[in-house]
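Shown next, in structure tokens, is the structure this report addresses.
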Amino acid sequence: MVELEKIEYKPVSIRDLLVEMKNISELMIDLAYSAALFHSRELAEDVIELERHIDTLAYRLNMNVMLAARDIEEAEALLGVSAVSSAADKISDAAADIANIVLRKIGIHPIVREAFKRVEEQLIRVRVKPGSPLSGKTLAELELASKIGVDVIAIRRGERWIINPKGKDLIKPDDVLIARGTLNGVKELKKLAEEGSEAGG
Amino acid sequence: MTQERFRQIIDDLVKLKDTSELMLDLAYSSILLNSRELAEEVQALEEYMDNLHTRFELHVLSSGFKPEESKNFLGLIRLGVVTEEIADAAAELAEVVLRELEPHPVLKLVIKEAEETVTSAQVSESSPVNGKTLREAGIPDKTGMWILVIKRGKSWIRPRPDVTLKAGDVLIASGYADGEEDFKRLISGEEDI
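Just so you know, the protein sequences line up as chains H and D, in that order. All letters in the first sequence, in the order written, are residues 1 to 201 by my numbering. All letters in the second sequence, in the order written, are residues 1001 to 1193 by my numbering.
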């Protein structure tokens, strides 16, 4: 039996909770697809853990929503907030369903990999070679989203995973990056990651 | 499995995944812009998804797989279900707008502040994308923002690669928040990137 977090009221802003729920639920979908495509149990396990975290956030949000409505107008306006929270919750459940395909060893048909070559948002896994122009830089310095249209969603360093890395996070040689972006963008990322120092800019 | 069946299943899965994510972005856009048209577009896509999903499942089930392949095919069916779940979540979001709930101000802030955001910008006369096709403009590669839909006057245009952008077009886009500024600069033509 999994240990579930105790639900306690915390006075957190609805806005912060909802931003976190939206961010995590969308990240989870891409992490879960990545777990399926790259056969990673670790990523799948992270998705399951994030799903429970989303549940906790949803409870907390609900309590804060209940307390926030002081009259009929506010109650009506806050329904939209509940709808977004419930949608984020559903999305996280969908991601967990993908993760369970991996964890229960159900199997990913080769068709899936073929299909994912053609979807709009591409997912890629790439190892950073020592001497790559990416190595030794923070994500903020690299500005991959605005420069090549790519977003790093996870970094594997040895046994450790950094999920949803932030701008201050550093890319080190031999890191494995999981990233999402345009087809050209992920190709460019692969080129940069696998480039030696001679060729790098 | 025949080549033809194989190709159909791949086509359907690609469409299911892309459409489910487009719906989610459009749904958030509909809340952000309080736009009935966008919300209705989400509802229309939901119906399209239902049909597509049924077709996908029928194609998978009738592909004549061997017993030892059944696990892989179960995985395929489940992935289809997931895209449907995402589409349902999007339809729920769009309902907020369609039921004329006045979206709480906090919702707009949340959509703007999230890591994957939706935004809009108007093509100016001097914009480098004015007069270019979407393919030529290469907006996703330059900014990390995808065009969801183009609003030209009162009509909404699907962002096919051969659509030519015109001054006055409003582009609604989603992507990683870091690219939003670059996107607005590129489209409004305030400064070349």
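Every residue, glycine too, gets a C-beta built ideally from N, C-alpha and C.
Put simply, the backbone Cα of D1088/D is about 30 angstroms away from that of G1064/D.
Listed in chain order, the non-local C-beta contacts of R127/H below 7 angstroms within the same chain comprise D174, V176 and A193, local neighbours out to five positions each way being set aside. At a beta-carbon threshold of 7 angstroms, the residues of chain D lying near S86/H are E1092, ordered along the chain. In the DSSP annotation of this structure, the continuous segment of the alpha helix (DSSP H) that includes G185/H starts and ends at L183 to E194. Listed along chain D, the residues sitting closer than 7 angstroms to S146/H by beta-carbon distance are T1143, G1144, D1178, G1179 and D1182. When Cβ-Cβ separations below 8 angstroms define contact, N62/H makes no contact with chain D. Note on H39/H: under 16 other CB atoms within 10 angstroms of its CB, so exposed under the neighbour-count rule. Within its own chain, the residues whose Cβ lies closer than 8 angstroms to the Cβ of V1042/D, once the five positions on either side in sequence are excluded, are M1023, L1026, A1027, S1030, A1090, A1091, L1093 and A1094, listed in chain order. With contacts defined by Cβ atoms closer than 8 angstroms, V1097/D and I14/H do not form a contacting pair.
Taking the Cα positions, E195/H is about 39 angstroms away from K1071/D.
Leaving aside the five residues that flank D169/H on each side, the residues in its chain whose CB is nearer than 8 angstroms to its CB run, in chain order, T138, L139, I155 and I162. Annotation: the continuous beta strand (DSSP E) that includes I1157/D extends over S1155 to I1157. Taking CB atoms only, G1075/D has a neighbour in chain H less than 8 angstroms away.
Contact with chain D is absent for R41/H, since none of that chain's Cβ atoms lies less than 8 angstroms from the residue's Cβ. Per DSSP, R156/H is not a residue of any alpha helix (DSSP H); the beta strand (DSSP E) it occupies stretches across V150 to R157.
With contacts defined as CB atoms closer than 8 angstroms, L79/H and I153/H fail to qualify as a contacting pair. Annotation: T138/H has no Cβ neighbours in chain D at a cutoff of 9 angstroms; minimum Cβ distance is about 13 angstroms.
Note on D89/H: 16 or more other CB atoms within 10 angstroms of its CB, so buried under the neighbour-count rule. Exposure of G158/H is indicated by the presence of fewer than 16 other C-beta atoms within 10 angstroms of its C-beta. Between S1124/D and E51/H, the alpha-carbon positions lie close to 43 angstroms from each other.
Any Cβ of chain D closer than 8 angstroms to the Cβ of D46/H would place that residue at the interface, and such an atom is absent. For G1175/D, DSSP records a beta bridge to T1117/D and M1145/D. Taking P130/H as the centre and dropping the five residues before and after it, the same chain places the C-beta of P173 closer than 6 angstroms to its C-beta, in chain order. Cα atoms of S1062/D and N100/H: separation of roughly 25 angstroms, rounded to the nearest angstrom. For N1130/D, the nearest beta carbon of chain H is not closer than 8 angstroms to its own beta carbon.
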